[in-house]
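Undergrad: Residue numbers (our numbering): 91 to 148. No residue lacks a Cβ here, since even glycine has one placed at the ideal position from N, Cα and C. Got a structure for you, written out below as structure tokens; questions coming shortly.
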Amino acid sequence: MTLKKISDGIYVDDSKIEILEKIDAVIFDCDGVLIDITKSYDLAIIQTTQYVLENLAK
Numbered sequence: 091m092t093l094k095k096i097s098d099g100i101y102v103d104d105s106k107i108e109i110l111e112k113i114d115a116v117i118f119d120c121d122g123v124l125i126d127i128t129k130s131y132d133l134a135i136i137q138t139t140q141y142v143l144e145n146l147a148k
């Protein structure tokens, strides 16, 4: 992976620049109004714990 400096403190993977140039907007749904996120927090905890135990706790 090669990173390209886009601006101060902003680096992008060279292979993703073409894809990113096609994006018009990024939407962050922080309160769950646009997307139902009721199960995502629990799933994130489960997956993170699983990753830590399998990869870092050896």
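Looking at C-alpha atoms only, which residue of 130, 96, 146 is the closest neighbour of residue 111?
TA: Counting from one through the sequence shown, the residue named residue 111 turns up at place 21. Answer by Cα proximity: 96.
Undergrad: Comparing alpha-carbon positions, which option in 91, 121, 98 lies nearest residue 105?
TA: Residue 105 sits at position 15 when you count from the first residue of the sequence shown. Ranking the options by Cα distance to residue 105, first place goes to 91.
Undergrad: If we ignore side chains and look at the alpha-carbon of each, how far apart do residue 146 and residue 136 end up?
TA: Numbered from its first residue, the sequence shown carries residue 146 at position 56. Numbered from its first residue, the sequence shown carries residue 136 at position 46. Those two C-alpha atoms are separated by around 15 angstroms.
Undergrad: When the Cα atoms are used, what is the spatial distance from residue 130 to residue 139?
TA: Here residue 130 corresponds to residue number 40 of the sequence shown, with the count starting at 1. Here residue 139 corresponds to residue number 49 of the sequence shown, with the count starting at 1. Answer to the nearest angstrom: the Cα atoms are 14 angstroms apart.
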